[in-house]
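To keep things clear, I will list the structure first and then write my remarks on it.
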Amino acid sequence: MTIMKYSNKIMVAVLLFLSICQLQATAQQQMDNSMSQYYQNRMLWNPGFTGADGNKIYAFQNRSWVGFDGAPVLSAVSGEILFGANSAAGLQIVSDVTGILKRTNGLFNYAYRIKLTPVSQLRIGITLSMSSDRLGLNYDAQSGGDPLLYNNINSSVQFDGNLGLVYTNKQFTFGASFFRLRDNLSVKSEGNANLAFAQFGGMYALAISDKAQLKPLAMLRLYKTTDAIFDLGMQFEYNKLLQTMLVYQTSGNIRAGAGVLLNQTIEANFFYNTNSKVTNNASQQFEVGLGFHLNGKKQD
């Protein structure tokens, strides 16, 4: 019995270690790995975009390494609402499950718009984030599990914050976002995962006909220990009904997606990410998103 007891503990410890390694290797999947961030829900990567697309609710699920037990599954729901002449608030709830580990994030956004000229504006956004890690799969510290591991993983809630800036001038938009300010600005970082700490992106809206529009986009994502990832892509929209997206990453990945917007209210999107053996990117992703545009006008 004693041998079996210790064998169970060793097995759980090994499984936990592998799950932690896998979570750290794909930890950037938190929000900056979502493919909805490019066009469908820009608030995901920059709090300055909160309210920029009006009142909206958006939910998605992203699956990586499909076919493997314990593969990462990222699920999220977010909402944003305008209030006052220049303010907007947003809320995001994120669940990231990898192996026997479950990470839950709650993010509250506030954005304020400053009109610089009749055709240009600056949006400043801040995020208060709360996160906690838990053991899943009915992990029981009293029956074969290690209480030390259990208490270490099931830790108290961690607080941090993000900062985002968005500049818009007619059809041109540029954004800069800085993540986990508390952790990255501290002398000793609490996290050791290779998470993105900053992201920059620019987009131009080009009308090619009365009904068709092309939106080229470029993004740069900076990581703690590995090379930066540069994204180049575009979205094609037709008659405010159909949209397709294609993005190339310098890691070698190709991301593609398509969606439909019904009655300017309900949108459904599907995305796919090719398989690439690069540290910064989860391999072969599938993502499904569903959005609801609520009543209310956008800010002028």
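Quick note on our numbering: the sequence shown kicks off at 34 and runs consecutively. Glycine included, C-beta positions come from ideal geometry on N, C-alpha and C.
One Cα belongs to Phe192, the other to Asp243, and the distance between them is close to 47 Å. Looking from the CA of Leu255, the closest CA among Phe212, Arg96 and Met68 belongs to Phe212. Per DSSP, Asn296 lies in no alpha helix (DSSP H) and is assigned neither H nor E. For Phe82, the CB contacts under 8 Å within the same chain, skipping 5 residues up- and downstream, are Arg75, Met76, Ala144, Arg156, Gly158, Gly197, Val199 and Gly208 in chain order. In the DSSP assignment, Arg75 falls outside any alpha helix (DSSP H), carrying neither H nor E.
The stretch 102 to 117 and the stretch 80 to 94 touch, with no fewer than 3 CB-CB distances between them shorter than 8 Å.
In this structure, Ala121 lies near Gln332, with their beta-carbon atoms less than 9 Å apart.
In the structure shown, the three-state DSSP call for Arg254 is strand.
Each of Glu270, Asn79 and Gly266 was checked against the Cα of Val293, and the nearest Cα belongs to Glu270.
If you look at Asn217, you'll find it in the alpha helix (DSSP H) that goes Leu214 to Leu218. In this structure Ala301 is exposed. Its beta-carbon is surrounded by fewer than 16 other beta-carbon atoms within 10 angstroms.
With at least 16 other beta carbons inside 10 angstroms of its own, Met236 counts as buried.
Per DSSP, the unbroken beta strand (DSSP E) holding Ala231 starts and ends at Ala229 to Tyr237.
Apart from the 5 residues on each side of it in sequence, Gln204 sits with its Cβ closer than 6 Å to the Cβ of Tyr237 and Ala238 in its chain, given in chain order. Here Phe82 carries a helix assignment [DSSP, helix/strand/coil]. For Gln94, the uninterrupted beta strand (DSSP E) run begins and ends at Lys89 to Arg96, by DSSP. Residue environment: Phe116 is assigned as exposed (fewer than 16 neighbouring CB atoms within 10 Å of its CB, all protein chains considered). In this structure, Gly132 is the residue among Gly132, Tyr71 and Asn272 with its C-alpha nearest to the C-alpha of Arg167. Burial state of Met163 is exposed, judged by a 10 Å Cβ sphere holding fewer than 16 other Cβ atoms.
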